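Structure record follows, encoded as structure tokens.
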Amino acid sequence: MKSLALLSLLLPILSAPAHAGEGLFSRAYTTETVPGGHFELEQTARLRTQRAFGSYTAIDSKSEFEYGITDALQGALYVNSGYVHAVKASDDNDQQGETGFDRNQYSLDSITMEFLYRALSPVSDPIGLAFYIEPGYIFHDFHNGDKEYNGFENEMRVIFQKNFFEDQLILVYNLVAEFEFFRYKPKDALFTGEFDFNNEIGASYRVGSNLYAGLEARNHNEFGNFWSHDHSLVWVGPAIHYGGPKWWGTLGVLKQIYGNPNGPDGQGSFQGNHLFLHSHEEWEITAKIGFPF
Amino acid sequence: MKNISSIALLLSPAVCLQAHAEIYMTDTQAASLLFPQEKLSRKQLELTQTEADSIEQSSGEKVRAKQLSLFESNVKGNLVFIDQVLGKHEFITYALGISNGKVAGIEIIEYRESYGQKVREEEWRKQFVGKEKSAKFKLNEDIKNISGATLSSAHVTAGVKRILHTYEKVRARI
């Protein structure tokens, strides 16, 4: 059954034989939307690995249906699932996370909706501008696969895009704010919450007719109870993108280059050497594929 | 677990689609559509670096290829340029008919994008007819945008502007 679950995560990548919301980067979004009346199927698989201690590998799967409500407004429905393999691995939220938690499971993590509204086009206006909102219901903590957990999330983005050299060089910046309300059932009667804000920046150049090569950086900042700073991190890495009339695909790698806090924490638990690896990973590899209809 | 795996499998978009690649006509057919009844002969010209620089300066558009592929008509002042511009994914090949410095017509020869097949529709193409190099050629102003193909329509528009400036540069040589 485990292999079947893993297959379900990888199948969309292996079976690739179509535009609009093309993901040029691992994380950052462009202002592009699916044209009105058209839809797109998109599949993302992300491998995350290497924590402060123990062995930790996770594969996140995002299956998405996008629909162009108008040329400038896109709606989408996501199903997020994941596989976690952890042996004595560190984590913030798991009860065993300080000394190392063990888990080996596939789970349905969350269901989310997305609305992306493009106010300005980077092709016909001086700068592209879009607004994004993604409310969702969380079944499990995707960081550790903890099933004794549920909650709500809402991610919001302001997306800026500027194109240069006949739209061959694309620069994007995303300002991301995310609110999560969650509880550990049945222990917690009340929901607690966290606030994340991220800065995501990417540059991608059209090196061939169908091929883009780019660089991306992501800064993630997490605040427990919405105000108490937990950690801040920076990842950087390359992303290559193929775009064709029938399908598009993106492969990106991000490496954590800085994390705070780092080193041993107050309880002597190791946070990572100049990195924060307690509940985030050093490496993530993202593969995306999309089919427009 | 079994149910979840089954759902995931169902949601996996392992779908094969038909190609959108389309070559609609040959360049000779396009030239004949633009100037029917006229005798057209194929010509190749190469821009000098000075000419290319001058076209870039006057049109504000980049000259990607100095080699020009065109058809000369037996009617003086009528030329058809076969040109390519960048589409979202592939090059868009089109033929631009120019008569004494004004656009006589435009035909799309090859368009291979997922969306925006309206570039082929006469209603969009006829916006260019009669325009001279002094026109604005600005999307959403004197040229309408095409739903889902803003980049393609912007680049074809820029291409027409560039070719009109090219026409002025090379007509004395033909």
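Which chain is which? The protein sequence lines are A and B, in order. The first sequence finishes on residue 294 if you use the numbering used here, and the numbering steps up by one all the way, no holes. The second sequence finishes on residue 160 if you use the numbering used here, and the numbering steps up by one all the way, no holes. Glycine residues also receive a C-beta, built at the ideal position from the N, C-alpha and C atoms. Here the structure is a predicted model, which is why all the values come from computation and not from measurement.
ask   = Hey, is residue 140 (chain B)'s beta-carbon within less than 8 Å of any beta-carbon in chain A?
value = yes
inquiry  = Considering Cα atoms alone, identify which of A:81, A:76, A:25 is closest to residue 41 (chain A).
reply    = A:76
key: Interface partners of residue 205 (chain A) on chain B, CB under 7 Å   = Result: empty, since nearest Cβ-Cβ is about 14 Å, beyond 7 Å.
task = With 7 Å as the C-beta to C-beta threshold (strictly closer), list the residues of the segment 71 to 89 of chain B near chain A in chain order.
result = 72, 74, 75, 76, 77
ask   = Comparing the C-beta of residue 98 (chain B) with each C-beta of chain A, is any distance below 8 Å?
value = yes
message = On the criterion of 16 or more Cβ atoms from any shown chain inside 10 Å, does residue 54 (chain B) qualify as buried, or is it exposed?
response = buried
message = Comparing C-alpha positions only, which one of A:94, A:248, A:165 sits nearest to residue 47 (chain B)?
response = A:165
message = Here's the rule: buried if 16 or more other CB atoms are within 10 angstroms of the residue's CB, otherwise exposed. What is residue 84 (chain B)?
response = buried
query = At least one CB of chain B closer than 8 Å to the CB of residue 168 (chain A): is that the case?
reply = yes
Where the segment 43 to 59 of chain B meets chain A: residues whose CB sits under 8 Å from a CB there = 48
ask   = Taking DSSP as the reference, what is the three-state secondary structure of residue 36 (chain B)?
value = helix
message = Along the chain, where does the beta strand (DSSP E) containing residue 174 (chain A) start, and where does it finish?
response = 170 to 184
ask   = What number of angstroms, rounded off, separates the C-alpha of residue 33 (chain A) from the C-alpha of residue 98 (chain B)?
value = 19 Å
ask   = Going along chain A, which residues have a C-beta under 7 Å from residue 36 (chain B)?
value = None at all; the shortest Cβ gap to chain A is about 22 Å.
ask   = Does residue 103 (chain A) come within less than 8 Å of chain B when only Cβ atoms are used?
value = no
ask   = residue 10 (chain B) CB to nearest chain A CB: under 8 Å?
value = no
task = Decide yes or no for the touch test of the segment 92 to 103 of chain A against the segment 116 to 133 of chain A: beta carbon pairs closer than 8 Å, at least 3 of them.
result = no
task = Select from A:93, A:246, A:284 the residue whose C-alpha is nearest the C-alpha of residue 290 (chain A).
result = A:246
message = If I follow the unbroken beta strand (DSSP E) through residue 163 (chain A), where does it start and stop?
response = 151 to 165
task = Take every Cβ of the segment 258 to 271 of chain A, pair it with every Cβ of the segment 10 to 21 of chain B, and state whether three or more of those distances are shorter than 8 Å.
result = no
query = Is the beta carbon of residue 64 (chain B) sitting closer than 8 Å to the one on residue 24 (chain B)?
reply = yes
query = DSSP beta-bridge partners for residue 219 (chain A)?
reply = A:201, A:236
query = Is any beta-carbon of chain B found at less than 8 Å from that of residue 127 (chain A)?
reply = no
query = Between residue 234 (chain A) and the ligand ATP, is the CB less than 7 Å from at least one heavy atom?
reply = With respect to small molecules bound, the structure shown includes none, and the ligand ATP cannot be examined in it.
ask   = So the beta strand (DSSP E) residue 106 (chain A) belongs to, where does it begin and stop?
value = 102 to 121
request  = For residue 301 (chain A), decide whether its Cβ has a neighbour in chain B, counting only Cβ atoms nearer than 8 Å.
outcome  = Here chain A has residues from 2 to 294 only, and residue 301 (chain A) is not among them.
message = Using the Cβ count rule (16 or more neighbours within 10 Å means buried), how would you classify residue 44 (chain A)?
response = buried
query = Does residue 150 (chain B) get closer than 8 Å to chain A when you measure Cβ to Cβ?
reply = no
Reference residue 100 (chain B), options B:143, B:77, B:27, closest by Cα = B:77
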